[in-house]
Structure formats: C-alpha cells, structure tokens
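Structure record follows, encoded as structure tokens.
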Amino acid sequence: MQRIAGVLEQVRRDCDVGARRSADPVGAVHEFAGPLDQEIVALVAACIAFGNVKTIRAKLADALARIGPSPSAAGDAPSALQSRMRGWKHRVFLGQDIAALVIGARAVQRSNGTLGERFRADWEATHDLREALARFTDAIRDAGSLHASPGGRRGPAHLLGNPRGGSASKRLLLYLRWMIRPADGVDLGLWPLSASILLCPVDTHIHKLARNLGFTRRADLSWKTAVEIGAALARFDPTDPARYDFALCHMGMLQRCPSRRDAVRCDGCGVMPVCIHWARGGAP
Ligand code: SF4
1 MQRIAGVLEQ VRRDCDVGAR RSADPVGAVH EFAGPLDQEI VALVAACIAF
51 GNVKTIRAKL ADALARIGPS PSAAGDAPSA LQSRMRGWKH RVFLGQDIAA
101 LVIGARAVQR SNGTLGERFR ADWEATHDLR EALARFTDAI RDAGSLHASP
151 GGRRGPAHLL GNPRGGSASK RLLLYLRWMI RPADGVDLGL WPLSASILLC
201 PVDTHIHKLA RNLGFTRRAD LSWKTAVEIG AALARFDPTD PARYDFALCH
251 MGMLQRCPSR RDAVRCDGCG VMPVCIHWAR GGAP
C-alpha cells in the first residue's frame with residue numbers, strides 16, 4: 001500500500017497542471033471570476049463532458065460565447081438566452097437544453113444564494129452522497145423544466161444525470177470535485193464542504209487504471225464501482241479521496257492504457273511499478 005501511495009504521489013507531482021488544465025473542460029471555469037458564474041459554467045462544462053475532450057472544449061467555448069460574459073445574469077433572461085442558444089448542438093444535446101440548465105441553475109441560486117448552499121443543504125439532510133446529488137439535480141431539473149417529453153428527445157433528461165439510476169455519475173462527481181476540492185490550480189474549492197465526502201469521477205481512463213492497480217475488479221461503470229474505487233483511494237488519503245483524479249485521468253488520456261503488458265504503450269506510464277500486468281510478469 002505504501003508503494004502505491006508513493007507512485008500516486010509521484011504521478012501527481014509529475015502532472016503538468018498548467019498544460020493539462022488548458023486541455024481540460026475545467027480550464028473554461030477559470031476564465032470566469034465570480035463564484036455565481038463559475039458554478040454555472042462548471043455545471044455546463046461537466047454536463048457536456050462526453051467523448052473527445054477537444055470537441056467538448058470547442059462546444060463549450062461556443063456555448064459560453066452564446067451565453068455571454070455573465071452566465072448567472074443570462075439565466076435571469078430566459079427568452080433571450082433560449083434565442084442565443086438556438087443552433088448549438090453536441091451529441092444528443094441542443095442549445096435549448098443548455099439554456100434550460102442555466103435557467104434552472106440560476107433559479108436554484110436565487111432560492112438558495114448559491115448552488116453550493118443548495119448542495120450543502122441536501123448533503124446535511126441526507127449524509128448520503130448519491131441521494132444528496134439526486135436531490136440537488138432534481139431541484140435544477142424541476143426549476144429549468146429539463147424533463148424528457150414522452151416519446152421525445154433524450155437530451156433534456158440526459159444532460160443532467162440521475163444518480164438514482166445506478167450509473168457512476170461521472171459528470172456529476174466531476175462537478176463536485178471541481179466545486180469542493182481545495183483550490184489547487186485545477187479544482188476551485190468554492191463550496192463549504194469537506195473533500196472527504198467526494199468520490200473519484202470514474203471515466204474509462206480511471207476505470208482501467210483502477211482495475212490495473214487492483215482497486216476494483218468490477219467491469220461496469222456503475223455507482224457501486226465508483227464507491228469501490230473511492231474506498232480504495234480513501235485508504236491513501238481519507239480527507240481527500242479524489243486527490244489523484246486529475247493527474248491520473250490525464251495520464252490515462254495520454255497513455256491510452258492497453259490494460260495488458262505492452263512494452264511500447266506502457267512506456268512512460270507513471271503507475272507501471274505497481275500495475276498488476278507488470279507485477280505478474282516482472283520488470284520489462
Ligand atoms: S503499465 Fe500499461 S497496462 Fe499498466 S496501467 Fe500503465 S498503461 Fe495500463
């Protein structure tokens with residue numbers, strides 16, 4: 001366990017935070033100054049974080065240019081925002097879905113002060129991360145009318161995931177990481193909650209690495225898998241179990257882990273000294 005902890009710390013130290021932040025959707029959040037705008041921009045960025053990261057960043061930049069310099073103010077003018085978002089599209093999401101998300105998030109801000117205050121209340125009422133997230137997303141979904149119509153498009157319901165459905169809720173956990181982890185040049189530490197409540201957002205990169213480090217044997221991207229990986233990471237830092245997520249995820253993106261012993265593709269992988277594929281076969 002000490003060996004894995006040392007390797008994870010080294011991966012974190014080796015991460016070129018400046019370069020990787022500018023290649024990550026969270027980079028856009030840092031371009032805004034006020035916390036009300038930042039928490040809305042982060043929500044939009046996290047909710048569309050599907051697929052190729054370059055495409056996500058381009059679609060996010062287009063959406064933010066349409067939303068305008070103050071997303072919280074834009075949420076107070078629903079008709080104008082809906083009109084500016086017309087023509088925007090990313091996967092199953094249309095501009096009208098993004099507008100509804102911003103309008104819903106802004107309504108929750110108006111009722112609670114900030115989105116962070118709303119989430120804090122949901123956490124304190126439940127002390128259950130999944131249920132707190134579900135209540136938080138319910139509030140935004142209801143306020144923005146982000147519901148799928150019967151027989152309609154998947155976009156509106158899919159944009160803001162539902163943690164009760166059993167998926168790993170990667171996009172929502174990513175949002176929480178950005179908002180709650182202490183400010184470190186990537187995460188913003190905007191919300192008054194302990195980072196100990198977080199789970200690592202499990203995407204395909206983190207899932208592969210977690211399996212190769214022996215943190216889980218589960219093959220699905222489910223909430224149960226996220227909890228299992230979170231419990232393994234909490235052994236290294238119970239106060240901050242999502243601490244290694246950014247560095248590991250970006251290393252996974254660059255490494256394109258083959259999940260098998262491959263001298264070429266594994267070359268330079270920071271976790272090779274503790275990867276199960278290399279431990280079984282000995283040193284290269
Ligand atoms: S050493 Fe290779 S198989 Fe193991 S985690 Fe790194 S890239 Fe993946």
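Counting along the sequence shown from 1, when you hit position 81 you're at 81 in this note's numbering, and nothing is skipped either side. Beta carbons: idealized from backbone N, C-alpha and C, even for Gly. No experiment lies behind these values; they were computed from the predicted model shown.
The beta carbons of V186 and R21 sit closer together than 9 Å. Under the rule that a run must span 4 or more residues, the alpha helix (DSSP H) segments found entirely inside the stretch 133-160 read 155-159. For Y175, the enclosing alpha helix (DSSP H) begins and ends at K170 to I180. Between the alpha carbons of A74 and L221 lies a gap of roughly 35 Å. Taking 8 Å as the cut-off, one finds no heavy atom of the ligand SF4 near enough to the beta carbon of N52.
Measuring C-alpha to C-alpha distances from R118 to each of L176, K224 and L254 identifies L176 as the nearest. One thing to note: H277 has its Cβ no nearer than 9 Å to the Cβ of C249. In terms of Cβ geometry, L115 and A105 form a close pair [threshold 9 Å]. Of all alpha-carbon atoms in T225, T55 and P78, the one lying nearest the alpha-carbon of A168 is that of T225. Ranked by Cα distance from S145, the options A28, A219 and Q96 are led by Q96.
Placement of the Cβ of R261 at a distance of less than 8 Å from at least one heavy atom of the ligand SF4 is found. In this structure, the C-beta of M253 stays at least 8 Å away from each heavy atom of the ligand SF4. The three-state secondary structure of F119, taken from DSSP, is helix. Proximity of the beta carbon of V271 to the ligand SF4 is indicated: a heavy atom of the ligand is located closer than 8 Å.
As the crow flies, the alpha-carbon of I67 is around 29 Å from that of L193. For a cut-off of 8 Å, the C-beta gap from F32 to V41 is around 5 Å, short enough to register as a contact. Secondary structure at L213: coil, using DSSP grouped into helix, strand and coil. Contact between A134 and P163 holds, with the beta-carbon distance rounding to 5 Å and staying under 8 Å. In this structure, the alpha-carbon of Q109 lies about 15 Å from that of P78. Along the length of the stretch 78-131, whole alpha helix (DSSP H) runs at least 4 residues long occupy 78-85, 95-112 and 115-126, reported in chain order. Shortest gap from the CB of C15 to any heavy atom of the ligand SF4: 8 Å or more. Judged by DSSP secondary structure, S70 falls outside any alpha helix (DSSP H); it is assigned neither H nor E.
For the pair T55 and L199, the Cα-to-Cα distance works out to about 26 Å. Setting aside the 5 residues that flank it on each side, T126 is surrounded in the same chain by A132 and R135, each with a C-beta closer than 8 Å to its C-beta; the list follows chain order. The bridge partners DSSP lists for S167 are S222. For G18, the enclosing alpha helix (DSSP H) covers residues V17 to R21. In the DSSP annotation of this structure, M272 is not part of any alpha helix (DSSP H), being labelled neither H nor E. Counting only the Cα atoms, P273 lies some 44 Å from I140. Cβ atoms of M1 and R243 stay farther apart than 8 Å, at about 15 Å. Your pair C257 and K208 checks out as a contact, with CB atoms roughly 5 Å apart and the cut at 8 Å.
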